[in-house]
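Anchor point for the sequence shown: position 18 equals 17 in numbering that gives the first Met the number 0, and the numbering is continuous, going up by one each time. Note that beta-carbon positions come from the ideal geometry of N, C-alpha and C, so glycine has one too. What follows is a single structure, written as structure tokens, with notes after it.
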Amino acid sequence: MTTRPVTMHGQELPTGSRVLVLFASANRDPREYARADELVLDRDRARNLAFGEGVHFCLGMPLARMETRIGMGCLLSRHPSFGLDGAPVRYPSHVIRGFESIPVLLS
Numbered sequence: 000m001t002t003r004p005v006t007m008h009g010q011e012l013p014t015g016s017r018v019l020v021l022f023a024s025a026n027r028d029p030r031e032y033a034r035a036d037e038l039v040l041d042r043d044r045a046r047n048l049a050f051g052e053g054v055h056f057c058l059g060m061p062l063a064r065m066e067t068r069i070g071m072g073c074l075l076s077r078h079p080s081f082g083l084d085g086a087p088v089r090y091p092s093h094v095i096r097g098f099e100s101i102p103v104l105l106s
């Protein structure tokens, strides 16, 4: 909720306006990120909001990063070549960005 009048990208929000923050969209702003709609694994992590920030920082971040590093390492050591095997199906949500399925072909 706004505590004072705010103008954001030309939109006037008076004091007391309710605001919905969509964290899933935070890292996809083309004004902030080059190639915002692409998965860029070596993107600058300093500007990534996937795990929140400040007092709302996710305490599970180190574990999630370790699990991803180990999981991807195991996958790539066994299947150095893989790719899509059909169209990914998005999870139907306005709040969470994700997929119901991503068909892949491992080789």
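Inter-residue distance for Val88 and Glu99 is about 6 Å (C-alpha atoms, whole angstroms). By a beta-carbon distance limit of 8 Å, Met60 contacts Phe50. Their separation comes to about 4 Å.
In chain order, Pro102 place their CB closer than 6 Å to the CB of Gly85, counting only its own chain and leaving out the 5 sequence neighbours on each side. If you draw a straight line from the Cα of Thr14 to the Cα of His8, it is about 17 Å long. If you look at Met7, you'll find it in the beta strand (DSSP E) that goes 5-7.
Rounded to whole angstroms, the separation of the alpha carbons of Leu48 and Pro79 is 29 Å.
Its chain contains Glu11, Leu12, Pro13, Thr14 as the residues whose beta carbon lies nearer than 8 Å to that of Pro4, once the 5 sequence neighbours on both sides are disregarded; these appear in chain order. The Cβ atoms of Val94 and Leu38 lie no closer than 8 Å to each other. For Ser100, the enclosing beta strand (DSSP E) covers residues 98-100.
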